[in-house]
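Accompanying notes for the structure given below.
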Amino acid sequence: MRVAAFVQARMGSTRLPGKALLPVWRDMPLIELVLRRASAAASLDNVVLVTTSDERDDPLAEVGERLGVAVFRGAEHDVLGRFASALERHPADAVVRVCADNPFVDPSALDQLVGFFESVQPCDYASNHTALSGLPDGSGGEVMSATSLRRAAAEAVSPYDREHVAPFVVGRPEAFRIRFAPPPADPWPFLKLDIDTPRDYSRLRRLADRLPDDQAPLWDLPTVVECATPSS
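Below, the structure is given as structure tokens:
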């Protein structure tokens, strides 16, 4: 099974505009941190930065090109259509959606997700990014078969379904085979490791400052959790 990760990013965030280029660890911007960490997942055959055609997102495309990451640009608000078009340009059997809000997306968590998805075939969609996963928020992802992504893009009509990638599939368990990766035997403590607001950004920037330089930027999840917990 050929699996690609599509990293969803744009500069037009409403709660924290331009956050994708804000430095998180030293002078490394959020989008670079996400792309480097996603690219470290051994189970992925390709990583694609999926951004918009708006000129505001030119700097994001430049970061992707500098890192040697494939870049696809499409509609700003029809994110589902953007993903389906990216799939046609960069074919795969399944697509892992990675949100560019997640500076500490964990390569091993992505590998575990892909392994789970492959082990429960036939399956259309699986995730380990919800509270059910036992992982810190922002460390996992969601994966969808190419067939399901194409079907969703062809059939979804509501603005909400077009502005997001997975709700059309997740909201129709009678039509799609949906699975959730089980939590580990010892679930991780709940931590919010995604950046939605200025407060989130300040908190995770301080966390990044506490992480060891010799592992940067591929800190493993135990290290991130240890540095994020109050006792650390």
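In this note's numbering, each number is its position in the sequence shown, counted from 1, plus 166. All C-beta atoms, glycine included, are put in the ideal place defined by N, C-alpha and C. All values reported here derive from a predicted model rather than from experimental measurement.
Quick one: Cα of PRO348 to Cα of PHE342, how far?
19 angstroms
What's the gap between the Cα of ALA252 and the Cα of ARG168?
15 angstroms
On a CA-only basis, which of VAL271, VAL323, ALA322, SER311 is nearest VAL390? Give me that one, please.
VAL271
Expressed to the nearest angstrom, what Euclidean distance is found between the alpha-carbon atoms of ALA351 and LEU301?
11 angstroms
Write down every uninterrupted run of the beta strand (DSSP E) in the segment 210-263 whose length is 3 residues or greater and which is fully enclosed by it, in chain order.
212-218, 236-240
Specify, as a first and last residue, the run of the beta strand (DSSP E) that GLN174 falls within.
169-174
How about LEU199 and PRO383: are their beta carbons less than 8 angstroms apart?
yes
Exposure label - PRO195; buried when at least 16 CB within 10 Å:
buried
Between which two residues does the alpha helix (DSSP H) harbouring ILE197 extend?
196-205
Give the secondary structure of GLU392 by DSSP, where H, G and I count as helix, E and B as strand, and everything else as coil.
helix
Let me confirm a value: GLN381 is counted as buried when at least 16 other C-beta atoms fall within 10 Å, else exposed. Which label applies?
exposed
What's the C-alpha gap between THR363 and ALA312?
32 angstroms
Determine the DSSP secondary structure at ALA382, reduced to helix, strand or coil.
coil
Among LEU387, VAL235, GLU284, nearest to HIS256 - alpha-carbon criterion
VAL235
Between HIS330 and the rest of its own chain, which residues show a CB-CB distance below 8 angstroms, the 5 nearest in sequence each way excluded?
VAL245, LEU246
Specify the secondary structure class of ARG343 as computed by DSSP and reduced to three states.
coil
Ordered along the chain, which non-local residues of its own chain (more than five positions away) have a Cβ less than 6 angstroms from that of VAL280?
VAL169, SER209
State the start and end residues of the unbroken beta strand (DSSP E) segment that holds PRO189.
189-191
Nearest to ALA319 by alpha carbon, out of GLU392, ALA207, PHE249, CYS393?
PHE249
With distances taken between CB atoms, is the gap from THR218 to GLU242 smaller than 8 angstroms?
yes
Check whether GLY304 and LYS358 have beta carbons under 8 angstroms apart:
yes
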